[in-house]
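Remarks on the structure that follows.
Residue numbers (the working numbering): 26 to 294.
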């Protein structure tokens, strides 16, 4: 009795330190993913060629370089991918709340985002550009010429900050879906928009009325894309970095981007 009581007291007193034989540490997502056989991924497929909708065999599907990248990661890890399709503004929030194991959607690394997430090594780099209507190419040819103009950016992206910080004097117009911003520039309700060059190339090729303006923007670390993972998952981060580096070195990711750029232009014609 006394020995049992003594052990109970010792165990209780050490509970906050060791959990009395149990661990208070959260399980690494890598282990939970391998156990369940499913990797849940949040994405916003409205950012071609990295993510977009198309019809395959009569069914609407999401495709893109980001999609191919993660599907390849899943295959190499031996797990299935469960895609969570949502607006970009909700992609990181869903991952932070535990609804998704990670987020991939041409995501740039910022100091603010690093407070809440760990980011993999970058898998692709694309500089920022300004897209305008061709009919305005003579009048919109410098940052100064954009003063007082309406410039669009996708809501929740780094492009909003680029407009604020690099295009002073312009009026930022934030819109949820990227394709809608190109439509606004095309019909003249917006004067310009800021977006990654690879994405701009795809949309400009589809829309001959649009062009990339000859207005340079400053290069930044945010020009590169990475996968976002909730903090505290070193095993998952290590596996993702290893696989991404392998695919970068053997040219797989570049092939994915080129393939989906061609696919987007084909399905849009």
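Idealized CB from N, CA, C, for every residue including glycine. If you're wondering where the values come from, they're calculated on a predicted model, not measured in any experiment.
Taking the C-beta atoms as reference points, residue 99 is found no nearer than 7 Å to residue 89.
According to the DSSP assignment, residue 143 belongs to the beta strand (DSSP E) that extends over 142-144. The straight-line gap separating the alpha-carbon atoms of residue 55 and residue 246 is approximately 27 Å. Measuring C-alpha to C-alpha distances from residue 178 to each of 232, 170 and 157 identifies 157 as the nearest. Under the 8 Å Cβ criterion, the stretch 248-259 counts as touching the stretch 140-152, having at least three qualifying pairs. By the 16-neighbour rule on beta-carbons within 10 angstroms, residue 65 is buried. Look at residue 258 here: in three-state DSSP terms it is coil, with no helix or strand label. Assignment of beta-bridge partners to residue 250 by DSSP yields 133 and 149. When secondary structure is reduced to three states using DSSP, residue 124 falls in the coil class, being assigned neither helix nor strand.
Burial check for residue 234: the Cβ neighbour count within 10 Å stays below 16, so the residue is exposed.
Note that the stretch 104-118 touches the stretch 127-144; at least 3 beta-carbon pairs, one per stretch, sit closer than 8 Å. Annotation for residue 210: the continuous alpha helix (DSSP H) segment containing it runs 203-212. Distance between residue 168 and residue 209, taken at the CA atoms: about 20 Å.
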